[in-house]
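Numbering (UniProt numbering), first residue to last: 1 to 166. Glycine included, C-beta positions come from ideal geometry on N, C-alpha and C.
Here you go:
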């Protein structure tokens, strides 16, 4: 005699991939990554503009320069860290120079290389803006809950694999 379907299992797909979110399609995963990046970026950029008169890109450049040895980084290092083109980093650093937050310096060993060096005003601005940035990002990412480590690890693997090879 054939077994009747278990009453508790009625309406539950046998294939886990048919359950939304269990096995998302690559296009859905990509869309979520883009949406989250776009929404968080806009929120953080807006907060940095309002509270510190600084764009998110400007803040990220300042942070990379502040973290570099001697608070000094080459334009190429800043461009690589931010994923910007050389003209993009030149434009960003030009704004920071105009605002008195960094200075441009020629390289010691190679005079063709330009470096950005943090000024005292730049150090103060990045320190203040870092609190705003880090607190807001942490708040927005609390929804990851216990999945934060897994998501971070997975995104790091994808990022590493997708990094352009020179």
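Could you tell me if residue 133 is buried or exposed, where buried requires 16 or more neighbouring beta carbons within 10 angstroms of its beta carbon? By the neighbour-count definition (other C-beta atoms within 10 Å, threshold 16), residue 133 is a buried residue.
Looking only at DSSP bridge pairs, what is residue 105 linked to? DSSP output for residue 105 lists 115 as bridge partner(s).
Outcome for residue 155 when other beta-carbon atoms lying within 10 angstroms are tallied against a minimum of 16: By the neighbour-count rule (16 or more Cβ atoms within 10 Å), residue 155 is not buried but exposed.
Taking C-alpha atoms, which residue in 75, 120, 118 lies nearest to residue 107? That would be 75, whose Cα lies nearest to the Cα of residue 107.
How would you call residue 64, buried or exposed, if buried means at least 16 neighbouring beta carbons within 10 angstroms? Buried, since its Cβ has 16 or more Cβ neighbours within 10 Å.
Pull up the distance between the alpha-carbon of residue 112 and that of residue 131, whole angstroms please. For residue 112 and residue 131, the gap between their C-alpha atoms comes out near 35 Å.
Please report the residue range of the beta strand (DSSP E) in which residue 72 lies. Per DSSP, the continuous beta strand (DSSP E) segment holding residue 72 begins and ends at 72-74.
Segments of 4+ residues assigned as alpha helix (DSSP H) that fall wholly inside the UniProt domain "HTH marR-type" (26-160): At a cut-off of 4 residues, the continuous stretches assigned as alpha helix (DSSP H) that sit fully inside the UniProt domain "HTH marR-type" (26-160) are 26-52, 56-67, 75-82, 86-98, 120-141.
Quick check on the burial criterion: 16 or more other C-beta atoms within 10 angstroms. Buried or exposed for residue 37? Per the 10 Å Cβ criterion, exposed.
Would you mind stating whether residue 68 and residue 80 have Cβ atoms separated by less than 9 Å? No, the pair does not count as a contact, with Cβ atoms beyond the cut-off.
In this structure, does DSSP put residue 162 in helix, strand or coil? Residue 162 falls in the helix class under three-state DSSP.
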